[in-house]
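Protein chains: 4
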Amino acid sequence: MATLKKKLTVRLHDTDAAGILFYANQFLYIHDVYEELLQLIGLPVASMLRDEPFILPIVHAESQYLKPLTVGDEITIAVQVAKIGETSFVLEYELLGVDGQSVGKAKTVHVAISKQTEKKIALPEKLQRALKTFQSAP
Amino acid sequence: MATLKKKLTVRLHDTDAAGILFYANQFLYIHDVYEELLQLIGLPVASMLRDEPFILPIVHAESQYLKPLTVGDEITIAVQVAKIGETSFVLEYELLGVDGQSVGKAKTVHVAISKQTEKKIALPEKLQRALKTFQSAP
Amino acid sequence: MATLKKKLTVRLHDTDAAGILFYANQFLYIHDVYEELLQLIGLPVASMLRDEPFILPIVHAESQYLKPLTVGDEITIAVQVAKIGETSFVLEYELLGVDGQSVGKAKTVHVAISKQTEKKIALPEKLQRALKTFQSAP
Amino acid sequence: MATLKKKLTVRLHDTDAAGILFYANQFLYIHDVYEELLQLIGLPVASMLRDEPFILPIVHAESQYLKPLTVGDEITIAVQVAKIGETSFVLEYELLGVDGQSVGKAKTVHVAISKQTEKKIALPEKLQRALKTFQSAP
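Dropping the structure here:
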């Protein structure tokens, strides 16, 4: 079991005139971590788009915002695989402030889609195996 | 009872190298509609940030993606007030394609926060009244 | 000779914690106008990406910022074709406030590239003709 | 004399349906490097917005695009102070691919503006001194 963690700094362009992180940008942050996860399990986005017969679009996404974040804030994002289904998987993210306190949470649901038929397909086996490495304890 | 509807066209910068709308950008679209709603009920964002003693940050947001959208696609977004609570309210959005089919859904939960104390406060009465105009039928 | 004009409202996600339009987002605005121009001349982005043997990437872009813009500000963007070359063309944009005053300017240089060879090619004739319609007076 | 360099990876949300970096996002990248420069010289954006009597808005920005970039590409951005004027300064950026080849260039012009009067002011001396550390050789 493993958790991937990534540090980042809130940038000016992530904030808005209310002085805080614009809510939609939390979804950019977690996707960056997802892209690192794909890289780690040997399936970088570029390769998937170019070489694989499937894509993994997001069909559901949600975020919670527990504390306002502003420019210069340093956060750590941890991602775990929460569920591996027949044709889909669920990722759960937690965003932590420098004091280790939770500042936000998020979840994305990904479905395996055949590029050719544009229909759902079973999760490729090598992907299933790779995702298990990052699966949260049951 | 009223529903606010807004038309928009998916722009190139909303898409990604997979050729479709990047999922986080659906949250930009619905926020644009929310800003129009605020304008309509006499509480434009600029005034709120400058003049009101409260802000209405999003504490929860979620989206569903029912059909891939790509550059040039025209969609209509409808928003309704799904719930008005003591200190919060819930907006529900539906995204429709040109054929009237649902291509996505979304929900945002907003909490009234005092600028001074940074604590939750009761929804200002005039805001409550205004939101009721756009409340979905029970 | 024609000028394409488009109105837009500065949205919260276009601003940053300094309270004003984040400079990079002016480039989003002008590209939206460029996409409308392409649509008008019968070459919508989606068709170009799917059907044409060429693309028109931007090789140079610049913006000037004459007045700070903030959320809720309404602006009009006018675009004209400033130059049509052998393999490239130049667009010039002006951003006007509600009082008609210039609040910003921008310029983009586009080059015709063959999808197959990835080399510069002569501007397709139908594109040249279409661009002339929006060419600024000499 | 010093040059600040920063590595980054092109993320999916930086690309568009043409499969490459959307041109405006190069301006996000260079601003991230600028924010690191400000941090390094003891003037982080958050402090400037909160504590200083001035801001440093961009009045001109330009980019050149020498090679298309796509998702997963690793680049290094180097920034130098190209000019320090009475009330303004100029930053020049170069983007390098993994092979050390230039893939893009950029320039931003910043003006010191008093928060109180909203007029140009002389560059604060400590800022001038700090910028000199990163000034390119004459």
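Chains as they are written, first to last, in the numbering used here: chain U, 1058 to 1195; chain S, 1058 to 1195; chain H, 1058 to 1195; chain W, 1058 to 1195. Idealized CB from N, CA, C, for every residue including glycine.
Bridge partner(s) assigned by DSSP for residue i
i, result
"residue 1109 of chain U", "In the DSSP output, where bridge partners are listed per residue, residue 1109 of chain U has none listed."
"residue 1170 of chain U", "U/1112, U/1177"
"residue 1159 of chain W", "W/1153"
"residue 1120 of chain U", "U/1163, S/1118"
"residue 1066 of chain U", "U/1131"
"residue 1146 of chain H", "H/1141, H/1167"
"residue 1072 of chain S", "S/1078"
Backbone secondary structure at residue i - three-state DSSP
i, result
"residue 1188 of chain S", "helix"
"residue 1102 of chain H", "helix"
"residue 1126 of chain W", "coil"
Delimiting residues of the beta strand (DSSP E) encompassing residue i
i, result
"residue 1090 of chain S", "It is not in any beta strand (DSSP E) - residue 1090 of chain S instead sits in the alpha helix (DSSP H) that spans 1082-1097."
Cβ-Cβ separation, residue j to residue i (assumed contact under 8 angstroms), whole Å
i, j, result
"residue 1113 of chain W", "residue 1167 of chain W", "4 angstroms"
"residue 1132 of chain H", "residue 1148 of chain H", "Not a contact, Cβ separation roughly 17 angstroms."
"residue 1094 of chain W", "residue 1136 of chain W", "6 angstroms"
"residue 1184 of chain S", "residue 1134 of chain S", "21 angstroms between Cβ atoms; not a contact."
"residue 1103 of chain H", "residue 1127 of chain S", "6 angstroms"
"residue 1075 of chain H", "residue 1106 of chain W", "6 angstroms"
"residue 1115 of chain U", "residue 1080 of chain S", "4 angstroms"
"residue 1084 of chain H", "residue 1111 of chain W", "Wrong, their Cβ atoms sit about 25 angstroms apart, outside the cutoff."
"residue 1067 of chain H", "residue 1130 of chain H", "4 angstroms"
"residue 1072 of chain U", "residue 1073 of chain H", "5 angstroms"
"residue 1150 of chain W", "residue 1077 of chain W", "Incorrect: roughly 19 angstroms between the Cβ atoms, too far for contact."
"residue 1138 of chain S", "residue 1192 of chain S", "4 angstroms"
Does the pairing of the stretch 1151-1170 of chain W with the stretch 1117-1127 of chain W give three or more beta-carbon distances under 8 angstroms?
yes
Within 8 angstroms, do at least three Cβ pairs link the stretch 1140-1149 of chain S to the stretch 1174-1193 of chain U?
No, the stretch 1174-1193 of chain U does not touch the stretch 1140-1149 of chain S.
Is the number of C-beta pairs between the stretch 1084-1099 of chain S and the stretch 1085-1105 of chain W that are closer than 8 angstroms three or more?
no
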